[in-house]
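To start, the structure itself, in structure tokens.
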């Protein structure tokens with residue numbers, strides 16, 4: 001029936017364009033052509049098998065007579081929903097679950113998360129281990145690479161799981177909204193976008209969002225979970241130091257033979273050079289914690305009444321060192337070390353000055369009985385008590401020239417009885433276990449021979465110091481003298497040595513704390529000066545060590561008593577300029593302290609000798625050097641070691657992220673093998689799979705999306721106006737009728753072949769016209 005208002009021409013066109021029932025019949029001449037579908041969709045016949053696996057014939061399809069179907073045929077068709085045609089046979093297709101590509105993908109989906117999990121766990125075991133340079137670079141490169149690959153791997157594994165979950169839900173039956181939410185949640189960003197677009201604020205959306213947050217968090221966890229760090233590592237070590245409780249080498253000099261005299265002269269000359277060098281150093285060296293050769297210096301104990309450890313300030317500017325020379329140490333360069341050593345020093349406490357012009361007020365001292373021979377020692381003790389034994393500052397030595405004199409000198413009034421330093425007597429005492437030291441020869445002529453003695457009463461020992469001041473040797477000088485009490489004090493010092501910056505440098509050592517020694521020692525009235533053989537060289541050679549008297553000017557020792565920094569000498573512009581010293585330049589409060597430093601310096605140099613400059617602390621080249629007299633003590637060695645640090649938070653987050661990916665990969669593998677339907681979600685081929693406007697090859701219903709896409713990838717399609725509908729009749733889309741009809745009924749849009757589908761924009765332009 002023609003539509004009212006329509007022209008005959010338009011009606012004829014519609015009739016010509018309307019398909020007839022015959023035109024909808026399948027064309028068997030082209031096996032690759034699928035018949036267009038009208039109201040009846042293609043039904044695929046099901047091939048059934050009997051108990052023996054033989055194929056059974058499918059029921060016959062309903063017969064259409066004269067364009068109609070009987071009720072019996074409809075009922076039979078409802079019981080048999082699948083049909084079989086003569087030109088093609090379609091069957092249920094069994095998925096190839098164990099194809100190479102599928103198995104390979106399954107392995108990747110499972111092994112990649114497992115490998116990442118193992119890597120995170122192995123990195124966690126590195127926590128606290130020492131770093132090796134080569135291994136550190138390797139681990140850092142691995143962390144950098146895997147932190148980049150983690151989000152990619154996470155997207156592949158979890159994305160596959162989400163897609164397989166959607167396919168399984170589609171096969172099981174579910175809502176379109178859930179499918180859309182799953183398919184749209186295959187990345188972090190798309191998950192957020194899908195939740196917003198679908199307004200899907202639900203448990204599924206929250207779960208997907210939580211799962212996908214592990215992608216960036218896992219990458220950051222791997223990137224941040226390993227870092228190098230410095231830590232203090234402690235271990236036991238041994239330190240060897242020179243034993244300064246032994247005697248001075250003066251006690252071992254033999255002057256009874258020409259060769260002995262030559263050896264003694266050589267040693268005294270070398271000792272004078274060392275003494276002059278160390279006394280004349282600038283103030284910065286004198287205030288340093290170590291001497292010129294890297295030996296640690298021991299300060300005077302500040303609080304003698306405190307029996308506990310007293311911390312020693314690291315400020316060295318005003319520190320009072322017991323000696324300008326330090327104690328040689330020998331140890332390796334591994335780490336920082338802390339250890340304790342026993343040492344002692346001579347301490348002078350001087351009375352007020354006595355001064356006069358000329359020699360009228362000077363106390364007499366004698367050197368007649370100071371000698372290295374045993375007979376002279378006995379004669380020394382036979383001298384009346386109170387005699388000052390020493391060399392006058394203007395006396396000449398027998399082996400020196402007439403001008404070999406000094407502007408100062410000192411004497412002692414008490415000495416040790418000769419039997420105490422007689423080797424045969426001491427060895428005899430050892431046989432009766434009378435508490436002497438073990439090594440007799442090692443400690444003769446030193447206070448340590450009295451270490452284990454009981455009831456020894458030693459009277460106070462005093463030292464007489466005399467100095468003369470004159471600007472001209474031909475003018476009668478001014479004289480000054482003072483009496484000082486001599487004590488030998490023993491301290492325990494805790495030494496701290498810092499690791500050197502380079503292998504060629506030395507440790508930086510200093511005394512960190514001190515306390516009075518808790519070991520048994522000789523009475524403090526007995527010092528190294530109490531042995532005549534030692535004091536003979538002290539009194540004779542020490543005043544002459546820096547220079548002979550010239551024009552009555554003071555030597556370096558007297559200059560040190562005035563100003564240890566030698567500021568006045570440095571202002572003179574030359575070391576050869578030695579300014580005169582007057583009586584008023586001497587600070588009475590500092591005289592005992594400064595002269596104690598000079599005595600201890602000369603004593604320590606005479607004990608160590610050449611070893612003071614050849615076995616400095618910690619030097620790599622001198623590590624194997626041995627001291628003639630040494631003591632080995634235990635030390636706590638600490639070193640700043642570079643170790644791996646694995647923060648627990650990042651490691652836990654990395655493990656959790658890998659576990660999430662591993663579970664997703666395992667579930668994805670399971671879903672792949674339990675789902676029978678093809679992969680059609682998320683592919684473009686899905687929109688034309690059952691389209692009436694785009695022909696696809698027959699028997700493709702069980703093909704996966706990628707497989708179907710490969711078959712029809714060359715077909716060109718367009719989303720646009722496919723037809724016009726008016727009163728339920730399909731119309732053409734000719735330009736003459738489009739504008740009128742579209743205004744009355746509107747276009748039908750969809751996906752069709754490109755050449756048969758009108759552009760939406762073109763139709764809209766014509767409609768407006």
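Numbering (UniProt numbering), first residue to last: 1 to 769. For glycine and all other residues, C-beta sits at the position ideal for the given N, C-alpha and C. The structure displayed is predicted, hence computed values, not measured ones.
Exercise. Do you know offhand how far residue 221's Cα is from residue 644's?
Worked result: Residue 221 and residue 644: Cα-Cα distance of roughly 15 Å.
Exercise. Is DSSP giving residue 491 helix, strand or coil here?
Worked result: strand
Exercise. Start and end of the alpha helix (DSSP H) containing residue 536?
Worked result: 532-541
Exercise. Should residue 337 go down as buried or exposed, given a rule of 16 or more other Cβ atoms within 10 Å for buried?
Worked result: buried
Problem set entry | Beta carbon of residue 312 nearer than 8 Å to that of residue 511 | yes
Exercise. By Cβ distance, which residues of its chain are closer than 8 Å to residue 226, with the 5 residues on each side in sequence left out?
Worked result: 123, 126, 139, 140, 143, 644, 645, 646
Exercise. Is the distance from the Cβ of residue 715 to the Cβ of residue 749 below 8 Å?
Worked result: Result no, Cβ atoms of residue 715 and residue 749 do not sit closer than 8 Å.
For this session: Name the residue from 545, 132, 351 whose alpha carbon lies nearest to the alpha carbon of residue 230.
Result: 132
Problem set entry | Counterpart residues of residue 242 in DSSP-defined beta bridges | 630
Exercise. Between which two residues does the beta strand (DSSP E) carrying residue 339 extend?
Worked result: Taken as a continuous stretch (DSSP letters only), the beta strand (DSSP E) holding residue 339 covers 336-350.
Exercise. What residue from 542, 541, 362, 593 has the CA that sits closest to residue 480's CA?
Worked result: 362
For this session: Measure the C-alpha to C-alpha separation of residue 542 and residue 246 and round it to an integer number of angstroms.
Result: 20 Å
Problem set entry | Residue range of the beta strand (DSSP E) that includes residue 469 | Looking at the DSSP string, the run of the beta strand (DSSP E) that includes residue 469 is 461-469.
Problem set entry | Enclosing beta strand (DSSP E) for residue 514 [first to last residue] | 508-516
For this session: Provide the residue(s) that pair with residue 408 in DSSP beta bridges, ordered along the chain.
Result: 467
Exercise. Counting Cβ pairs, one atom from each stretch, are 3 or more of them under 8 Å apart for the segment 347-355 and the segment 257-268?
Worked result: no
Exercise. To the nearest whole angstrom, what separates the beta carbons of residue 194 and residue 184, a pair I think is in contact under 8 Å?
Worked result: With a Cβ gap of about 3 Å, residue 194 and residue 184 count as contacting.
Exercise. Do you know how far the Cα of residue 607 is from the Cα of residue 249?
Worked result: 5 Å
Exercise. Under 8 Å, do residue 147 and residue 116 count as touching if we go by C-beta distance?
Worked result: Taking 8 Å as the cut-off, the Cβ atoms of residue 147 and residue 116 do not count as close.
Problem set entry | Cβ separation of residue 527 and residue 346, assumed to be a contact under 8 Å, to the nearest whole Å | Right, the Cβ-Cβ distance comes to about 5 Å (below 8 Å), so this counts as a contact.
Problem set entry | Contact check, residue 631 vs residue 243, beta carbons under 8 Å | Contact: yes.
Problem set entry | residue 759 in three-state terms, based on DSSP | Three-state result, residue 759: coil.
Exercise. Three-state secondary structure (DSSP) at residue 672?
Worked result: helix
Exercise. Anyone know if the C-beta pair for residue 525 and residue 491 falls short of 8 Å?
Worked result: no
Problem set entry | residue 367 versus residue 339: straight-line alpha-carbon distance, rounded | 43 Å
Exercise. Using 8 Å as the threshold, is the segment 557-564 in touch with the segment 586-602, meaning 3 or more CB pairs across them?
Worked result: yes
Exercise. Is residue 708 helix, strand or coil when you go by DSSP?
Worked result: helix
For this session: Find the nearest neighbour of residue 223 within the set 357, 710, 119, judged by alpha-carbon distance.
Result: 119
Problem set entry | Close-in-space but distant-in-sequence residues of the same chain around residue 718 (CB under 6 Å, 5 per side omitted) | 754, 757
Exercise. So what's residue 545 in DSSP terms, helix, strand or just coil?
Worked result: coil
Exercise. Does the beta-carbon distance from residue 343 to residue 327 come in below 8 Å?
Worked result: In this structure, residue 327 lies closer than 8 Å to residue 343 by Cβ.
Exercise. Does the distance from the CB of residue 177 to the CB of residue 200 come in under 8 Å?
Worked result: yes
Problem set entry | Length at least 4, wholly inside the segment 152-218: the alpha helix (DSSP H) runs in chain order | 176-183, 188-198
Exercise. If you draw a straight line from the alpha carbon of residue 265 to that of residue 272, how long is it in whole angstroms?
Worked result: 10 Å
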